[in-house]
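J.: Questions regarding the structure given below will be posed in turn.
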Amino acid sequence: MASPSTDYIAEQPKQVGGMLQPAPQPVLEPDYGQDDDGQVHLPTWKGIKNKFTTKEGWVGDYDFAYLCMPQFPWACGSGSRKRTRSAPFYALDSQLPIFLTLICGLQHALAMLAGLITPPIIFAGQLGFSPAQQTQMVAVSLIASGFLSMVQMTRFPIPFTRRKYWMGTGLVTVVGTSFATLSTASAIFNALYADGTCTSQIVDGVTVRDACPKAYGYLLGTSALCSLLPMLMSFVPPKVLKRIFPPVVTGVVVLLIGAKLVGDSGALAWLGGSGACRSRPTTGPNMTCPTGSHRLPWGSPEYLGLGFLSFMTIIIIEYVGSPAMKSASIIIGLLVGSVIAGPLGYSDASTITNAPAITFLWTETFPLKVYGPAVLPLLAVYLSVGLEVIGDITASSEASRQPVRGPLFESRIQGGLLADGINGMLSGLAMNAPMSIFAQNNGVLSLTRCANRSVGYTCAVILVIFGILAKISGVFLAIPTPVLGGVTTFLFTTVAVAGMKIISTCAFSRRDRVILAASLSLGFATMLVKDFASYIFTYSGSNTALRGFMNSIVIILGTPFLIAGIIASILNATLPADPDAADEQQRPAYVQDHASDSLELGVGPSSSGSARREQDDDVKL
Numbered sequence: 001m002a003s004p005s006t007d008y009i010a011e012q013p014k015q016v017g018g019m020l021q022p023a024p025q026p027v028l029e030p031d032y033g034q035d036d037d038g039q040v041h042l043p044t045w046k047g048i049k050n051k052f053t054t055k056e057g058w059v060g061d062y063d064f065a066y067l068c069m070p071q072f073p074w075a076c077g078s079g080s081r082k083r084t085r086s087a088p089f090y091a092l093d094s095q096l097p098i099f100l101t102l103i104c105g106l107q108h109a110l111a112m113l114a115g116l117i118t119p120p121i122i123f124a125g126q127l128g129f130s131p132a133q134q135t136q137m138v139a140v141s142l143i144a145s146g147f148l149s150m151v152q153m154t155r156f157p158i159p160f161t162r163r164k165y166w167m168g169t170g171l172v173t174v175v176g177t178s179f180a181t182l183s184t185a186s187a188i189f190n191a192l193y194a195d196g197t198c199t200s201q202i203v204d205g206v207t208v209r210d211a212c213p214k215a216y217g218y219l220l221g222t223s224a225l226c227s228l229l230p231m232l233m234s235f236v237p238p239k240v241l242k243r244i245f246p247p248v249v250t251g252v253v254v255l256l257i258g259a260k261l262v263g264d265s266g267a268l269a270w271l272g273g274s275g276a277c278r279s280r281p282t283t284g285p286n287m288t289c290p291t292g293s294h295r296l297p298w299g300s301p302e303y304l305g306l307g308f309l310s311f312m313t314i315i316i317i318e319y320v321g322s323p324a325m326k327s328a329s330i331i332i333g334l335l336v337g338s339v340i341a342g343p344l345g346y347s348d349a350s351t352i353t354n355a356p357a358i359t360f361l362w363t364e365t366f367p368l369k370v371y372g373p374a375v376l377p378l379l380a381v382y383l384s385v386g387l388e389v390i391g392d393i394t395a396s397s398e399a400s401r402q403p404v405r406g407p408l409f410e411s412r413i414q415g416g417l418l419a420d421g422i423n424g425m426l427s428g429l430a431m432n433a434p435m436s437i438f439a440q441n442n443g444v445l446s447l448t449r450c451a452n453r454s455v456g457y458t459c460a461v462i463l464v465i466f467g468i469l470a471k472i473s474g475v476f477l478a479i480p481t482p483v484l485g486g487v488t489t490f491l492f493t494t495v496a497v498a499g500m501k502i503i504s505t506c507a508f509s510r511r512d513r514v515i516l517a518a519s520l521s522l523g524f525a526t527m528l529v530k531d532f533a534s535y536i537f538t539y540s541g542s543n544t545a546l547r548g549f550m551n552s553i554v555i556i557l558g559t560p561f562l563i564a565g566i567i568a569s570i571l572n573a574t575l576p577a578d579p580d581a582a583d584e585q586q587r588p589a590y591v592q593d594h595a596s597d598s599l600e601l602g603v604g605p606s607s608s609g610s611a612r613r614e615q616d617d618d619v620k621l
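Numbering-wise, the sequence shown is residues 1 to 621 according to the UniProt record's numbering.
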């Protein structure tokens, strides 16, 4: 049995017949001994020999039909006779058959692909990069993700700290470019084009941006410097961070990140792209959007249909897909849309034919420099990403059946934050945007019931191979823009839904409502009325420091989740406590969801208050 200090996530108590019934107790993992601190250990020669020379080591007794076969609603009977299938749970260090390890590692990699390739494609489109540069950026994103994921999964103590501080989570953890970086990077790029650092041209009355590698170098260099913040945060106790940034703050940030990405990227790509064709000029080459041999005006019904096909594929998979299909539904949606669009002439295969056979890091380099006005915005991004990392590690620990309180859990938080900051610096040095832990990873762990580290390492190796084989990056770039837009719209909206989930755990006292209303007011205003700050905070003098400070303000005010997060943090720290909040917290929470849902992005069951029942007899004198 587990020790009293080991806490596990359980369901909330339920009300039955007017009485509060205790929650069912979960199956507890064995107790952790003093020497079992979660450190990764190399396999023995005997174990390797047994795995590669026996049938049990290659295949085992896993139910591969459960993993790979579609599960139709009518296929398993009906009513009380309906049969359900479930796979065994594979813990961190349990022995997996080789074949199962390869399959689970591949599906884990496929589940991560869409999130890994989307940011570099968006960055390249905003900066006017050539197809060769775009291919290299996608490849670098995959390679960096594979190597830096291994850093997170390989948990080891930092030398000379007496095993007090650690590096890495020791869990199955995959990293990628955070979507929080996208909207801030877009604001930084806009400022660089506005002040003349990057040039643009007027073609047929439409502003067309020239390629600006310098802007990407500014992003990489500044983000590498700002990665010192999560390194410092790793030495702050997680309880303190959660107290400073409660769900009423982090939920607003995550919600606006998703909403901003849908409006500025996903929906625009769905209808043809975010380039010069978006303004629908009446003359010139930008009258139509470049999508293969079919060039149609922005917003054409053909584009809408292609994106909707991929969008609906994701929904259908949720009805009939196997666990493997559901975990890779995003990439399957891209595949189905591309297979339909290719023969119809909406794809351009030149990115595949022109891509080199193999590539690696630093084939394409950018001048790394620090852009002063971007320091404050990127520090805010790293702060929000650090809080997201805490939630992701919590959810991964729960899905892996590891303790979510106690010394081992807190050391995983500390090691994960430290590795996340180091990964942000290493990613910039590798010519890639800053990377952090991916939240999609948690859903894959829960769905497949496979939290084995060997699967995580296999996934990382597959991602590196995908990146080195540059033709695969060319395949991703050949995906028609509307198909990519339909899928990314769904993907970005899941980020907004995660923010709504976090907000729903608030007690919604008067204090919480004031914080939400004030922060969302400015966040929504900045999102819907764009560029207003650039007309207010202007400076044309020779003081470069003042000009940089004004640009920082414009970037912050032009990024909805930054200004909303700042307002929410200030109000949360200064508003007096609500006298009714104590009564609200004493009421039991009625949560019907799985515990891992309430933990998304760092929200625990103890803070849940979204489903509280308002009854007259709650408090009796």
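Built from N, CA and C at the ideal position, the CB exists for glycine as well.
Can you give the Cα-Cα distance for GLN152 and ASP420, rounded to whole angstroms?
T.: Those two C-alpha atoms are separated by around 8 angstroms.
J.: Tell me whether the stretch 308-316 and the stretch 325-341 touch, counting them as touching only if at least three CB pairs, one residue from each stretch, are closer than 8 angstroms.
T.: Taking 8 angstroms as the limit for Cβ pairs, the verdict is that the stretch 325-341 does touch the stretch 308-316.
J.: Looking only at its chain, what residues have a beta carbon closer than 7 angstroms to the beta carbon of LEU110, apart from the 5 residues adjacent to it on each side?
T.: In chain order, ALA328, ILE331 place their CB closer than 7 angstroms to the CB of LEU110, counting only its own chain and leaving out the 5 sequence neighbours on each side.
J.: Is the stretch 501-512 touching the stretch 364-376, taking contact as three or more C-beta pairs under 8 angstroms?
T.: no
J.: LEU344 lies in the beta strand (DSSP E); which residues open and close that run?
T.: If you look at LEU344, you'll find it isn't in any beta strand (DSSP E); DSSP assigns it neither H nor E.
J.: Quick one: Cα of GLY345 to Cα of SER322, how far?
T.: Looking at the two C-alpha atoms, the distance is approximately 31 angstroms.
J.: Who pairs with CYS289 in a beta bridge, going by DSSP?
T.: LEU296
J.: DSSP on TYR216, reduced to helix/strand/coil?
T.: helix
J.: Output the distance between the C-alpha atoms of TYR319 and GLY333, rounded to the nearest integer angstrom.
T.: 14 angstroms
J.: Locate the alpha helix (DSSP H) running through ARG513, then write down its first and last residues.
T.: Unbroken alpha helix (DSSP H) run through ARG513: 510-528.
J.: Below 8 angstroms on the Cβ atoms is my contact criterion, and I expect ILE553 with PHE532 to pass it. Report the Cβ-Cβ distance as a whole number of Å.
T.: No, ILE553 and PHE532 are not in contact; Cβ-Cβ is about 12 angstroms, not under 8 angstroms.
J.: With a threshold of 7 angstroms on Cβ separation, who are the neighbours of ALA139 within its own chain once the five nearest residues in sequence on each side are excluded?
T.: THR359, GLY467, ALA470, SER473
J.: Please report the distance separating the alpha-carbon of TYR216 from that of GLY541.
T.: Rounded to whole angstroms, TYR216 to GLY541 spans 26 angstroms at the Cα level.
J.: Here's the rule I'm using: 16 or more other beta-carbon atoms within 10 Å means buried, otherwise exposed. How should GLY47 be labelled?
T.: exposed
J.: Among the candidates LEU522, MET500, CYS459, whose CA atom is the shortest distance from the CA of ALA144?
T.: CYS459
J.: Since ILE202 sits in a beta bridge, which residues does DSSP pair it with?
T.: THR207
J.: I need the straight-line Cα distance from THR288 to PHE189, nearest angstrom please.
T.: 25 angstroms
J.: Pick helix, strand or coil for TRP270, following the three-state DSSP scheme.
T.: helix
J.: When DSSP labels each residue in this structure, what does TRP45 get in the three-state scheme?
T.: Judged by DSSP in its simplified three-state form, TRP45 adopts helix.
J.: Below 7 angstroms CB to CB, which residues in the same chain sit around LEU445 once its five sequence neighbours on both sides are set aside?
T.: VAL172, SER396, ALA399, SER400, ALA451
J.: Is the beta carbon of LYS182 sitting closer than 9 angstroms to the one on MET435?
T.: A small correction: the amino acid at residue 182 is Leu; Lys does not occupy that position in the sequence shown. By the CB criterion at 9 angstroms, LEU182 and MET435 fall outside the cutoff.
J.: For the pair the stretch 226-241 and the stretch 406-420, tell me if three or more CB-CB distances fall below 8 angstroms.
T.: yes
J.: Is LEU378 closer than 9 angstroms to THR481 when the C-beta atoms are compared?
T.: no
J.: Tell me whether CYS277, by its Cβ, gets closer than 8 angstroms to a heavy atom of the ligand NAD.
T.: As far as ligands go, the structure on display features none, and thus does not contain the ligand NAD.
J.: Do you know offhand how far ILE502's Cα is from VAL252's?
T.: 8 angstroms
J.: On the premise that MET233 lies in contact with LEU417, defined as a C-beta separation below 8 angstroms, what is that separation, rounded to the nearest angstrom?
T.: 5 angstroms
J.: Quick one: using the 10 Å Cβ neighbour count with 16 as the cut-off for buried, is TRP270 buried or exposed?
T.: Buried is the call here.
J.: Skipping 5 residues on each side, what residues in its chain have a beta carbon closer than 7 angstroms to that of LEU557?
T.: Within the same chain, Cβ atoms closer than 7 angstroms to the Cβ of LEU557 are found at THR526, ALA533, ILE563, the five residues on either side in sequence being excluded.
J.: Who does MET167 pair with in a DSSP beta bridge?
T.: PHE156
J.: Check for me: the alpha helix (DSSP H) holding SER473 runs from which residue to which?
T.: That run of the alpha helix (DSSP H) goes 470-477.
J.: Taking the alpha-carbon of GLU388 as reference, which of LEU546, GLY443, SER454, VAL254 has the nearest alpha-carbon?
T.: VAL254
J.: Give the straight-line distance between the Cα atoms of MET150 and THR544, rounded to the nearest whole angstrom.
T.: 42 angstroms
J.: Would you tell me roughly how many angstroms separate the C-alpha atoms of TRP166 and PRO230, rounded to the nearest one?
T.: 14 angstroms
J.: Since ILE563 is in the alpha helix (DSSP H), which residue starts that stretch and which ends it?
T.: Its alpha helix (DSSP H) spans residues 560-574.
J.: Measure the alpha-carbon distance for ILE244 versus ILE570 and round it to whole angstroms.
T.: 10 angstroms
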